[in-house]
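Presented below is the structure to which this report refers.
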């Protein structure tokens, strides 16, 4: 979407995706747009309106968020160790009927 937008054009996104999920996708320097504050609508089911304006800079908070996400992506994943129990007891055979 960003590639075909003219300067000062606006892209509106109306979605059920909450800001902590959606804003990290929209607030990227590569898109060369600003992400305005979102608006929340609805009562039982909330939906959110995001407005991106081409040619405007991201807010300092959005730049910091993007930088943090990119740094986290570069970090190696945490080592996960699995513990496997060697079960030698036959529990089904120990059931008294």
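Residue numbers (my numbering): 231 to 327.
For every residue, glycine included, the Cβ atom is placed at its ideal position computed from N, Cα and C.
How about residue i and residue j: do their beta carbons lie closer than 9 Å?
| i | j | result |
| --- | --- | --- |
| residue 251 | residue 282 | no |
| residue 253 | residue 271 | no |
| residue 284 | residue 241 | yes |
| residue 262 | residue 232 | yes |
Would you kindly work out how many angstroms separate the C-alpha atoms of residue i and residue j, rounded to a whole number?
| i | j | result |
| --- | --- | --- |
| residue 258 | residue 265 | 9 Å |
| residue 307 | residue 291 | 25 Å |
| residue 310 | residue 302 | 17 Å |
Between residue i and chain B, is there a C-beta pair that is closer than 9 Å?
| i | result |
| --- | --- |
| residue 249 | The structure shown contains no chain B, having only a single protein chain. |
Around the C-beta of residue i, are 16 or more other C-beta atoms found within 10 angstroms, so that it is buried, or is it exposed?
| i | result |
| --- | --- |
| residue 278 | buried |
| residue 300 | exposed |
| residue 244 | exposed |
Jot down the residue ranges of each uninterrupted alpha helix (DSSP H) in the segment 244-306, minimum 4 residues, whole runs only, in chain order.
249-256 and 290-304
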